[in-house]
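Undergrad: Position 51 of the sequence shown, counted from 1, bears residue number 51 in the numbering used here, the numbering being contiguous throughout.
I have a structure I would like to understand better, so I am pasting it below and will then ask my questions one at a time.
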Amino acid sequence: VQLQASGGGLVQAGGSLRLSCVASRSKFSIDTMAWYRQAPEKERELVASITRGGSTNYADSVKGRFTISRVNARNTVDLQMNSLKPEDTAVYYCKTDYHWGYSPGYSWGQGTQVTVSS
1 VQLQASGGGL
11 VQAGGSLRLS
21 CVASRSKFSI
31 DTMAWYRQAP
41 EKERELVASI
51 TRGGSTNYAD
61 SVKGRFTISR
71 VNARNTVDLQ
81 MNSLKPEDTA
91 VYYCKTDYHW
101 GYSPGYSWGQ
111 GTQVTVSS
């Protein structure tokens, strides 16, 4: 499964950005989709995830500001980011879990830069 992410950019603090990610169509069934981020000299961290059934999970640092959504028929996952802060600056990666029969797997997207200026 290949992932293509888009939507990053430069925004002032308090602004908004929307990230999008699409998974290539394949024989695999797409399961949980998620967004991670990695700031310079920091470990990659989970930002938000969403199951195929729509259950969501957010990092405490983004609750109330970010919203994750997906369209199963299109294999897409979006991340709406509002009230952005300089500490949200990072490379954002989409990730998807998938399976084919009893064989699980996962894929990462290529990353998109989000920069929030103060």
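Backbone N, C-alpha and C fix where the C-beta goes; we use that ideal spot for every residue, glycine too.
Keep in mind it's a predicted model, so treat the numbers as computed, not measured.
Am I right that LEU79 and SER16 are in contact with their C-beta atoms under 8 Å? What's the rounded C-beta distance?
TA: Residue numbering aside, residue 79 sits at position 79 when the sequence shown is read from its first letter. Residue numbering aside, residue 16 sits at position 16 when the sequence shown is read from its first letter. At roughly 11 Å, the Cβ-Cβ gap does not stay under 8 Å, so LEU79 and SER16 are not in contact.
Undergrad: Rank GLY54, GLY101, LYS95 by C-alpha distance to the C-alpha of VAL71 and give the top, closest one.
TA: Within the sequence shown, residue 71 is the residue found at index 71, counting from 1. Comparing Cα positions, the closest option is GLY54.
Undergrad: What span of residues does the beta strand (DSSP E) with ASN57 cover, start to end?
TA: Counted from its first residue, the sequence shown places residue 57 at position 57. Element bounds for ASN57: 56-58.
Undergrad: Would you mind stating whether GLN4 and GLY111 have Cβ atoms separated by less than 8 Å?
TA: Here residue 4 corresponds to residue number 4 of the sequence shown, with the count starting at 1. Here residue 111 corresponds to residue number 111 of the sequence shown, with the count starting at 1. Cβ distance not < 8 Å, so GLN4 and GLY111 don't count as in contact.
Undergrad: When the Cα atoms are used, what is the spatial distance from ASP148 to SER24?
TA: In this structure the chain extends from 1 to 118, so residue 148 is not present and cannot be described.
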